[in-house]
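Step one of this worksheet: look at the structure below.
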């Protein structure tokens, strides 16, 4: 980071959400007077000291008459146009970035070459879509049509444009890296955003009390937890709820806490307009006095949930790995997780977590039984879970590496995963 602070290097982050995956990187750069940091976003909420947030607003959504295969591309193009206009305003104010770093897929980076041709263009590549072998055809009860297969192929169009146009890219896990076309592998480095293990740490004996939502579980001895941005099949919510029904039948004192919003963050919504929470509550016979939906929580409240957890359930299709799984491990949770590829990069069964069949609520409930009945035997698994995060995903280690990559220094590929 050597630069004359009287003539700082100019950095432009682009992401529809704020600050998302760029939180730690933008914060670190903004603390250094050698850098001037601007963040273009579509989200009003939030701030980072030293970061100038500028807004862009797409002029419209894809036209309903547009062929449904290309609506995603049309939305990306409209977003790209909005970001281009934002760039014109920045240029008129004298801000011309040296480095642009944006999230690929939504379109903010599409036309940066046209307005800032001399800037280094970096892209965060989260996912490359496939009709077969990953998330889309994972559930046999929801088979793909030929229409789905064609739409999924075209969905990669804005990502392919970024892969071709960018100077270099980054993706957080080896599993995600494997999804991209092999001819671009050398252009994409692997480096996780990092987990703040000083914040996410265990608190032995913690009990859950959240005054803001009037939730007091301080007398509860057995607490099972689940965390998601939403409640949808991609993260195994239906299977989780079926497991909850079994857990409640078998364990009359166990409480379950569900963190997340009553919406679909990934995948399809139900055709009748119901949410998956509504569907499962109607379908199952549940004791609602022992099932607690918290909605969205602050980071401090969320940490308290993890610290009080006796068993934490994480299920995912073969898709993007959630931060929440790694944060739960850092907090010393006993993780009961799906035997799916993104999880297998991190978890070794019986060592730093417990693996289950995604589609088996019975097995999930049985593993919860084992975990709660043998809590003393689980101490070493909890400790190994945290050790895995400290060794392979710790923010203090990964942020300098992330900065090196960002500034154009060579970084070696690191194989994340189980801590020995």
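Residue numbers (the UniProt record's numbering): 1 to 420.
For each residue, glycine too, the CB sits at the ideal point set by N, CA and C.
Just list the residues that DSSP pairs residue 322 with in beta bridges.
To locate residue 322, count along the chain shown from 1; it is residue 322. Beta-bridge annotation (DSSP): residue 322 is not paired with any residue.
Quick one: grab the DSSP three-state call for residue 185.
For this step, residue 185 is matched to residue 185 along the chain shown. In the structure shown, residue 185 sits in a helix (DSSP, three-state: H, G or I).
Are the beta-carbon atoms belonging to residue 136 and residue 107 less than 8 Å from one another?
As a working mapping, residue 136 is identified with position 136 in the chain shown. As a working mapping, residue 107 is identified with position 107 in the chain shown. Not in contact: residue 136 and residue 107 (Cβ atoms no closer than 8 Å).
With a 10 Å radius around its C-beta and 16 neighbouring C-beta atoms as the bar for buried, classify residue 213 as buried or exposed.
In the chain shown, counting from the first residue as 1, residue 213 sits at position 213. So residue 213 counts as exposed.
Own chain residues within Cβ distance below 8 Å of residue 206, not counting five before or after
Here residue 206 corresponds to residue number 206 of the chain shown, with the count starting at 1. For residue 206, where only same-chain residues beyond five positions count, the Cβ hits under 8 Å are 304, 307 and 308.
If we call anything under 8 Å between Cβ atoms a contact, is residue 131 one with residue 152?
Taking the chain shown and counting its residues from 1, one reaches residue 131 at position 131. Taking the chain shown and counting its residues from 1, one reaches residue 152 at position 152. With respect to residue 152, residue 131 sits close: the two C-beta atoms are nearer than 8 Å.
Residue 408 versus 78, 98 and 373, residue with shortest Cα-Cα distance:
On the chain shown, position 408 is the one that residue 408 refers to. Its Cα nearest to that of residue 408, the residue 98 stands out among 78, 98 and 373.
Sorted by chain position, which residues of the same chain lie with C-beta nearer than 6 Å to residue 293's C-beta, five sequence neighbours on each side aside?
For the purposes of this step, residue 293 is identified with residue 293 of the chain shown, where counting begins at 1. These residues qualify, in order along the chain: 258.
In whole angstroms, what is the alpha-carbon distance linking residue 70 and residue 157?
The residue given as residue 70 occupies position 70 in the chain shown. The residue given as residue 157 occupies position 157 in the chain shown. Between residue 70 and residue 157, the C-alpha separation is close to 9 Å.
Are the region 53-62 and the region 76-85 touching, with three or more C-beta to C-beta distances below 8 Å?
Put simply, the region 53-62 touches the region 76-85. At least three CB pairs are less than 8 Å apart.
Taking the CB atoms as reference points, tell me whether residue 247 and residue 356 lie closer together than 8 Å.
Your numbering for residue 247 matches position 247 in the chain shown. Your numbering for residue 356 matches position 356 in the chain shown. Cβ distance not < 8 Å, so residue 247 and residue 356 don't count as in contact.
Report yes or no: do three or more beta-carbon pairs, one from the region 167-184 and one from the region 263-275, lie closer than 8 Å?
Touching, no, given that fewer than three Cβ pairs across the two stretches are closer than 8 Å.
Specify the secondary structure class of residue 36 as computed by DSSP and reduced to three states.
The residue you call residue 36 lines up with position 36 of the chain shown. Reduced to three states, the DSSP call for residue 36 is strand.
Could you give the DSSP three-state label for residue 123: helix, strand or coil?
Within the chain shown, residue 123 is the residue found at index 123, counting from 1. Strand.
Please report how far the alpha carbon of residue 348 lies from the alpha carbon of residue 322, in whole angstroms.
Translated into positions along the chain shown, residue 348 becomes position 348. Translated into positions along the chain shown, residue 322 becomes position 322. Across the structure, residue 348 and residue 322 are spaced so that their CA atoms are roughly 17 Å apart.
Give me the Cα-Cα distance between residue 126 and residue 51, rounded to the nearest whole angstrom.
To locate residue 126, count along the chain shown from 1; it is residue 126. To locate residue 51, count along the chain shown from 1; it is residue 51. Cα-Cα distance, rounded: 23 Å.
With a 10 Å radius around its C-beta and 16 neighbouring C-beta atoms as the bar for buried, classify residue 194 as buried or exposed.
If you number the chain shown from 1, residue 194 lands on position 194. In summary, residue 194 is buried, with 16 or more beta-carbon neighbours lying within 10 Å of its beta-carbon over all protein chains present.
Hey, is the region 39-51 in contact with the region 10-17, meaning 3+ C-beta pairs nearer than 8 Å?
Two segments are said to touch when three or more pairs of C-beta atoms, one from each, lie closer than 8 Å; by this definition the region 39-51 touches the region 10-17.
Within the chosen definition, does the region 214-223 reach the region 335-350 through at least 3 CB pairs nearer than 8 Å?
No: the two stretches stay apart, fewer than three of their Cβ pairs being nearer than 8 Å.
Can you give me the Cβ contacts of residue 332 inside the same chain, cut-off strictly under 6 Å, excluding the 5 residues immediately before and after it?
Residue numbering aside, residue 332 sits at position 332 when the chain shown is read from its first letter. Excluding five sequence positions before and after residue 332, the CB atoms of its chain that fall closer than 6 Å to its own CB belong to 202, 382 and 386, given in chain order.
Compute the Euclidean distance between the alpha carbons of residue 57 and residue 13, then round it to the nearest angstrom.
For the purposes of this step, residue 57 is identified with residue 57 of the chain shown, where counting begins at 1. For the purposes of this step, residue 13 is identified with residue 13 of the chain shown, where counting begins at 1. Each residue's Cα considered, the two are about 15 Å apart.
Which two residues bound the contiguous beta strand (DSSP E) that contains residue 311?
Counting from one through the chain shown, the residue named residue 311 turns up at place 311. Note, residue 311: beta strand (DSSP E), 311-314.
Terminal residues of the continuous alpha helix (DSSP H) containing residue 408?
Start at 1 with the first residue of the chain shown, and residue 408 comes out as number 408. In the DSSP annotation of this structure, residue 408 is not part of any alpha helix (DSSP H), being labelled neither H nor E.
Proximity of residue 254 and residue 372 at Cβ, strictly below 8 Å
Within the chain shown, numbered from 1, the residue matching residue 254 stands at position 254. Within the chain shown, numbered from 1, the residue matching residue 372 stands at position 372. In this structure, the beta-carbon distance from residue 254 to residue 372 falls below 8 Å.
Report the rounded CA-to-CA distance for residue 34 versus residue 10, giving the unit in angstroms.
Translated into the one-based positions of the chain shown, residue 34 becomes position 34. Translated into the one-based positions of the chain shown, residue 10 becomes position 10. Annotation: residue 34 to residue 10 spans about 9 Å, alpha carbon to alpha carbon.
Kindly give me the distance between the Cβ atoms of residue 318 and residue 138, rounded to whole angstroms, as I take these residues to be in contact under 8 Å.
Residue numbering aside, residue 318 sits at position 318 when the chain shown is read from its first letter. Residue numbering aside, residue 138 sits at position 138 when the chain shown is read from its first letter. Sure, about 6 Å apart at Cβ, within 8 Å.
Sheet register partners of residue 254 (DSSP bridge):
Residue mapping note: residue 254 aligns to position 254 of the chain shown, counting from 1. Residue pairing from DSSP places residue 254 in a beta bridge opposite 222.
What residue range is occupied by the uninterrupted alpha helix (DSSP H) comprising residue 177?
Mapped onto the chain shown, residue 177 falls at position 177. First-last of the alpha helix (DSSP H) with residue 177: 174-178.
Note down the Cα distance separating residue 395 from residue 190, rounded to an integer number of angstroms.
Position 395 of the chain shown, counted from the first residue, corresponds to residue 395. Position 190 of the chain shown, counted from the first residue, corresponds to residue 190. Approximately 14 Å, taken between the alpha carbons.
The alpha helix (DSSP H) that contains residue 87, what's its start and end?
Sequence index remark: in the chain shown, residue 87 carries index 87 (1-based). 71-92 is the span of the alpha helix (DSSP H), which, as asked, contains residue 87.
Beta-carbon proximity list for residue 232, same chain, < 7 Å, skipping 5 on both sides:
In the chain shown, residue 232 corresponds to position 232, counting from 1. Setting aside the 5 residues that flank it on each side, residue 232 is surrounded in the same chain by 264, 265, 266, 267 and 276, each with a C-beta closer than 7 Å to its C-beta; the list follows chain order.
For the beta strand (DSSP E) containing residue 14, list its first residue and its last residue.
As a working mapping, residue 14 is identified with position 14 in the chain shown. Taken as a continuous stretch (DSSP letters only), the beta strand (DSSP E) holding residue 14 covers 9-14.
CB-CB length for residue 364 against residue 176, believed under 8 Å
Sequence index remark: in the chain shown, residue 364 carries index 364 (1-based). Sequence index remark: in the chain shown, residue 176 carries index 176 (1-based). So it is not a contact: roughly 25 Å between Cβ atoms.
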